[in-house]
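**Q** Before I ask anything, let me first share the structure, which is written out below as C-alpha cells.
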Amino acid sequence: RKEVEQDPGPFNVPEGATVAFNCTYSNSASQSFFWYRQDCRKEPKLLMSVYSSGNEDGRFTAQLNRASQYISLLIRDSKLSDSATYLCVVNDEAGANNLFFGTGTRLTVIP
Amino acid sequence: EADIYQTPRYLVIGTGKKITLECSQTMGHDKMYWYQQDPGMELHLIHYSYGVNSTEKGDLSSESTVSRIRTEHFPLTLESARPSHTSQYLCASANQGTDTQYFGPGTRLTVL
Chain A
13 RKEVEQDPGP
23 FNVPEGATVA
33 FNCTYSNSAS
43 QSFFWYRQDC
53 RKEPKLLMSV
63 YSSGNEDGRF
73 TAQLNRASQY
83 ISLLIRDSKL
93 SDSATYLCVV
103 NDEAGANNLF
113 FGTGTRLTVI
123 P
Chain B
356 EADIYQTPRY
366 LVIGTGKKIT
376 LECSQTMGHD
386 KMYWYQQDPG
396 MELHLIHYSY
406 GVNSTEKGDL
416 SSESTVSRIR
426 TEHFPLTLES
436 ARPSHTSQYL
446 CASANQGTDT
456 QYFGPGTRLT
466 VL
C-alpha cells in the first residue's frame, strides 16, 4: 500500500472554475502535511503547508481531516497559470521523519 | 526562491561511465536529500543526510553513493552508469527542526 494516495486525474477545467483535489495517507502518526506544485519537467515547489484547522492562501484552501486521514486542496477561480501537477506530501513521523510524496494530480485549466 | 543548485542540468552519457551529480545550497540547511523521479511517477528518496559526515540510504534501492563533507555540498556518484539509471535526479534541502524541503532544478540523466 502506498503511503500517500491521490486522485489520479487528470482534471481539465475551464478558467474560473473551482476544483478540489483529495489525498489520503496511511501513517496515522504523521504530523506535517504539504501541497507542492510541480510544473512539467521542473522541480516541485512548496505551494502551502496544511494545518489542522485548515488554512487559506488567496485562492487556495487546504483542509486536513486527521480522523479520516485525508487532505484536500481547493482552488477557486482557476487561472491558466494554475495548470500543473499537485503533489500531496506527508512526513514519515514514525521513521526517519522524511517526506512521502504522492504521485500527483495533473490539472489543466482551459481557456 | 530557494538557493539550491544542481549541475549539470542535462547529461547524456554512455554505459559504464562514472558520473557525479552536484548539489549545493547556500541556505545553511543541515538536511539534504536526493530523489529519483521518472516521468509521471512519484519522487523516490534514494539518499539523505542530516549533517556533515552523515549519510543514509533512502527507500529506493540505488547503486549510487553520496558524501557530505561540507554542509552546503551533497554530491551523488554513479560508479558505472547503466540505461536503467536514466531518470531525473532531484536534490532538496531542509532546515533543522522543519520538514519543509526546497528543491533544486534537477538533473535529467540519459544513459545510452
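Respectively, the protein sequence lines represent chains A and B. Quick note: to get the working numbering, add 12 to the position in the first sequence (first position is 1). Quick note: to get the working numbering, add 355 to the position in the second sequence (first position is 1). A virtual CB, placed ideally from N, CA and C, is assigned to each residue, including glycine. No experiment lies behind these values; they were computed from the predicted model shown.
Where A/Ser-49 and B/Asp-358 are concerned, what is the direct C-alpha to C-alpha distance, given to the nearest angstrom?
**A** In the sequence under discussion, the amino acid at residue 49 of chain A is Arg, which differs from the Ser named in the question. Using only the alpha carbons, I get a separation of about 18 Å.
**Q** Please confirm whether A/Phe-112 and A/Leu-99 have their CB atoms less than 8 Å apart.
**A** Contact flag unset, no.
**Q** Tell me which residue opens and which closes the beta strand (DSSP E) that A/Pro-26 is part of.
**A** It spans 23-26 - the beta strand (DSSP E) in which A/Pro-26 sits, taken as one unbroken run.
**Q** Let me see if you follow: with CB-CB separation under 8 Å, is A/Glu-68 close to chain B or not?
**A** It does not: the Cβ of A/Glu-68 has no partner Cβ on chain B nearer than 8 Å.
**Q** Going by DSSP in three states, A/Ser-42 sits in which element: helix, strand or coil?
**A** Note: A/Ser-42 maps to coil in three-state DSSP.
**Q** Say whether chain B places a C-beta atom closer than 8 Å to the C-beta of A/Lys-116.
**A** Before going on, a small fix: residue 116 of chain A reads as Gly here, not Lys. At least one chain B Cβ lies under 8 Å of A/Gly-116.
**Q** Going by CA-CA distance only, name the one from A/Ser-80, A/Asp-104 and A/Ile-122 that's closest to A/Leu-92.
**A** Considering only alpha carbons, the answer is A/Ile-122.
**Q** Let me make sure I understand the geometry here. Which of B/Gln-361, B/Leu-366 and B/Gln-380 has the alpha-carbon closest to that of B/Ala-436?
**A** When each option's Cα is compared against that of B/Ala-436, the closest is B/Leu-366.
**Q** If you compare alpha carbons, which of A/Asn-67, A/Pro-20, A/Asn-103 and A/Gln-81 is closest to A/Ile-87?
**A** For the residues A/Asn-67, A/Pro-20, A/Asn-103 and A/Gln-81, the minimum Cα distance to A/Ile-87 belongs to A/Asn-67.
**Q** Just the C-alpha distance for B/Thr-375 and B/Arg-423, rounded to the nearest angstrom, thanks.
**A** The alpha-carbon atoms of B/Thr-375 and B/Arg-423 are separated by roughly 13 Å.
**Q** Helix, strand or coil: how does DSSP classify A/Asp-104 here?
**A** In this structure, A/Asp-104 counts as coil in the three-state DSSP scheme.
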